[in-house]
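Visitor:
Protein chains: 6
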Amino acid sequence: MPYVNIKITKEGATDKQKKMLMEGVTQLLVDVLNKNPSTTIVVIDEVDTDNWGIGGVPVTELRKISK
Amino acid sequence: MPYVNIKITKEGATDKQKKMLMEGVTQLLVDVLNKNPSTTIVVIDEVDTDNWGIGGVPVTELRKISK
Amino acid sequence: MPYVNIKITKEGATDKQKKMLMEGVTQLLVDVLNKNPSTTIVVIDEVDTDNWGIGGVPVTELRKISK
Amino acid sequence: MPYVNIKITKEGATDKQKKMLMEGVTQLLVDVLNKNPSTTIVVIDEVDTDNWGIGGVPVTELRKISK
Amino acid sequence: MPYVNIKITKEGATDKQKKMLMEGVTQLLVDVLNKNPSTTIVVIDEVDTDNWGIGGVPVTELRKISK
Amino acid sequence: MPYVNIKITKEGATDKQKKMLMEGVTQLLVDVLNKNPSTTIVVIDEVDTDNWGIGGVPVTELRKISK
Numbered sequence: 001m002p003y004v005n006i007k008i009t010k011e012g013a014t015d016k017q018k019k020m021l022m023e024g025v026t027q028l029l030v031d032v033l034n035k036n037p038s039t040t041i042v043v044i045d046e047v048d049t050d051n052w053g054i055g056g057v058p059v060t061e062l063r064k065i066s067k
Numbered sequence: 001m002p003y004v005n006i007k008i009t010k011e012g013a014t015d016k017q018k019k020m021l022m023e024g025v026t027q028l029l030v031d032v033l034n035k036n037p038s039t040t041i042v043v044i045d046e047v048d049t050d051n052w053g054i055g056g057v058p059v060t061e062l063r064k065i066s067k
Numbered sequence: 001m002p003y004v005n006i007k008i009t010k011e012g013a014t015d016k017q018k019k020m021l022m023e024g025v026t027q028l029l030v031d032v033l034n035k036n037p038s039t040t041i042v043v044i045d046e047v048d049t050d051n052w053g054i055g056g057v058p059v060t061e062l063r064k065i066s067k
Numbered sequence: 001m002p003y004v005n006i007k008i009t010k011e012g013a014t015d016k017q018k019k020m021l022m023e024g025v026t027q028l029l030v031d032v033l034n035k036n037p038s039t040t041i042v043v044i045d046e047v048d049t050d051n052w053g054i055g056g057v058p059v060t061e062l063r064k065i066s067k
Numbered sequence: 001m002p003y004v005n006i007k008i009t010k011e012g013a014t015d016k017q018k019k020m021l022m023e024g025v026t027q028l029l030v031d032v033l034n035k036n037p038s039t040t041i042v043v044i045d046e047v048d049t050d051n052w053g054i055g056g057v058p059v060t061e062l063r064k065i066s067k
Numbered sequence: 001m002p003y004v005n006i007k008i009t010k011e012g013a014t015d016k017q018k019k020m021l022m023e024g025v026t027q028l029l030v031d032v033l034n035k036n037p038s039t040t041i042v043v044i045d046e047v048d049t050d051n052w053g054i055g056g057v058p059v060t061e062l063r064k065i066s067k
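Keeping their order, the protein sequence lines are chains A, B, C, D, E and F. Oh and the first sequence: position 27 is 27 in full-length UniProt numbering, straight run, nothing missing. Oh and the second sequence: position 59 is 59 in full-length UniProt numbering, straight run, nothing missing. Oh and the third sequence: position 18 is 18 in full-length UniProt numbering, straight run, nothing missing. Oh and the fourth sequence: position 25 is 25 in full-length UniProt numbering, straight run, nothing missing. Oh and the fifth sequence: position 64 is 64 in full-length UniProt numbering, straight run, nothing missing. Oh and the sixth sequence: position 14 is 14 in full-length UniProt numbering, straight run, nothing missing.
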């Protein structure tokens, strides 16, 4: 019954990619800790780049700078 | 001043139902731990079913399977 | 499969009281949203009063003031 | 590498204000704990007022009452 | 710069197992979303079995029942 | 009524420093968003360095490498 929360910026992750994350994390918990996959919850939060700051700078700006 | 976070999938919970959850949890904390209701915070996160996985499968797919 | 996180200060909640919180929240989600209790997770975080601040003041100090 | 999560109600915080929060928290962690700003993450969650309850009452209603 | 939080019950996960979880999740985010591993944070919360409830029952009790 | 969660590694932050973080964040929310300090909650989580990974490596190991 592990609960895993993955926070990423909202930058176009597809449903397929999100499913791959869910599958991968769930399998990892089976392999490493022998957890029951059927009660393993994975929740993905996609955060606007205006709402995610690194070093005090919103990712929206960091993306512009790095272009 | 308890802080309670309720995460549910985004599947049509009405404002009235969300208020019932807030009232119920707040009253529960009064009854069980004698907490001050006026400083009890309840935050409800409604998560897209594409972003909530159980057993590595997004709830969106689980819903289709169970139909 | 709701996930509920209850954060309270670490001030002596007994195992019995914590179980009452788990039972109460789980039943509330059954009653209000018809959620499946067997996949409802409730996690209680008990936080040191030195690590919980209100109005910028640690609860440890607030408790001393209110004595 | 601190991780800071700021939860506020969704009531019109501008991008500029959110950046000020990111800058301020990051600088605070430098000043107080000498943390490395470049690996300090600040995530701001803006929560609908229907989903934030105080004393069992959604903020949406509290706002109406206080008008 | 993803932030991943893994919540498991405190039931003896070794440092080596916890490192395997960190490595696995970080690599998964590289493989699936091409994320920069050097800014990927993984935090593992180990929760007392008295503080983790499923179906309203603390895991401590569930473990006794299942023995 | 903002809720702020600061996660740092458990590396000796003093009560005084934690109070400074609480005061600073609370004042910041007053200055930037005119929030009511008396209902602003700041919770600090101090995480074991074995449980905090960056780039897949526990901070415990990173600290040894950087010595």
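A virtual CB, placed ideally from N, CA and C, is assigned to each residue, including glycine. Only a predicted model underlies this, so the values are computations on that prediction, with no experimental measurement involved.
In chain order, what residues of the same chain lie with their CB nearer than 8 Å to the CB of residue 58(E), ignoring the 5 residues before and after it?
Guide: Closer than 8 Å at the Cβ level, and outside the excluded window around residue 58(E), lie 49, 50, 51, 52.
Visitor: Residue 25(D) touches chain F at which residues, Cβ-Cβ below 7 Å?
Guide: Those within 7 Å of residue 25(D) in chain F are 25, 28.
Visitor: Using a Cβ-Cβ distance under 8 Å, would residue 7(F) count as near chain D?
Guide: Chain D, which has a Cβ nearer than 8 Å to the Cβ of residue 7(F), makes this yes.
Visitor: Straight-line CA distance for residue 47(E) to residue 4(F)?
Guide: Cα to Cα, residue 47(E) sits roughly 21 Å from residue 4(F).
Visitor: Taking only beta-carbon positions, decide if residue 49(B) is within less than 8 Å of chain F.
Guide: No, because no Cβ of chain F sits closer than 8 Å to the Cβ of residue 49(B).
Visitor: So which residues on chain E does residue 54(A) lean against when the C-beta distance must stay under 8 Å?
Guide: Per Cβ cutoff of 8 Å: 1, 39.
Visitor: Please compile the residues from chain E whose C-beta is within a distance smaller than 7 Å of the C-beta of residue 44(C).
Guide: Neighbours of residue 44(C) on chain E, chain order: 51.
Visitor: At 4 residues or longer, what runs of the alpha helix (DSSP H) sit wholly inside the UniProt domain "4-oxalocrotonate tautomerase-like" (2 to 60) of chain D?
Guide: 15 to 33, all fully within the UniProt domain "4-oxalocrotonate tautomerase-like" (2 to 60) of chain D.
Visitor: Verify whether the separation of the beta carbon atoms of residue 8(C) and residue 21(B) is less than 8 Å.
Guide: It is not a contact, given that the beta carbons lie outside the stated cut-off.
Visitor: Grab me the residues of residue 26(B)'s own chain with a C-beta within less than 7 Å of its C-beta, minus the 5 sequence neighbours each way, in chain order.
Guide: Hits under 7 Å: 37, 40, 42.
Visitor: Buried or exposed: which applies to residue 64(D), given that a residue is buried once 16 or more other Cβ atoms fall within 10 Å of its Cβ?
Guide: The residue in question, residue 64(D), is exposed, as its Cβ has fewer than 16 Cβ neighbours within 10 Å.
Visitor: So, is residue 23(C) buried or exposed, given that buried needs 16 or more other C-beta atoms within 10 angstroms?
Guide: That one is buried.
Visitor: Closer than 8 Å by beta-carbon distance: list the chain A residues that pair up with residue 15(D), in chain order.
Guide: The contacting residues are 50, 58, 60.
Visitor: Counting only C-beta atoms, is residue 19(A) closer than 8 Å to chain B at any point?
Guide: For residue 19(A), the answer is yes, since a Cβ of chain B falls inside 8 Å of its Cβ.
Visitor: Figure out for me which residue from 35(B), 62(B), 6(B), 13(B) has the closest Cα to the Cα of residue 55(D).
Guide: Of the listed residues, the one whose Cα sits closest to residue 55(D) is 35(B).
Visitor: Can you round the beta-carbon distance between residue 44(C) and residue 18(C) to whole angstroms, since I take them to be within the 8 Å contact cut?
Guide: Contact flag correct, Cβ pair sits at about 5 Å.
Visitor: For residue 67(F), which of helix, strand or coil comes out of DSSP?
Guide: Residue 67(F): coil per DSSP, three-state reduction.
Visitor: Which residue from 67(D), 13(D), 62(D) puts its Cα closest to that of residue 29(F)?
Guide: Per the Cα distances, 13(D).
Visitor: Excluding the 5 residues flanking residue 60(B) on each side, which residues of the same chain have their C-beta closer than 6 Å to its C-beta?
Guide: Closer than 6 Å at Cβ, skipping near neighbours: 49, 50.
Visitor: Who are the Cβ neighbours of residue 62(C) in its own chain at under 7 Å, not counting the five residues just before and after it?
Guide: Cβ neighbours of residue 62(C) beyond the five flanking positions: 54.
Visitor: Tell me the rounded alpha-carbon separation between residue 66(E) and residue 31(A).
Guide: Looking at the two C-alpha atoms, the distance is approximately 22 Å.
Visitor: For residue 2(D), which residues in the same chain have their Cβ closer than 6 Å to its Cβ, ignoring the five residues on either side in sequence?
Guide: Only 29, 35, 40 meet the Cβ criterion.
Visitor: What's the C-alpha gap between residue 16(C) and residue 6(C)?
Guide: Answer to the nearest angstrom: the Cα atoms are 15 Å apart.
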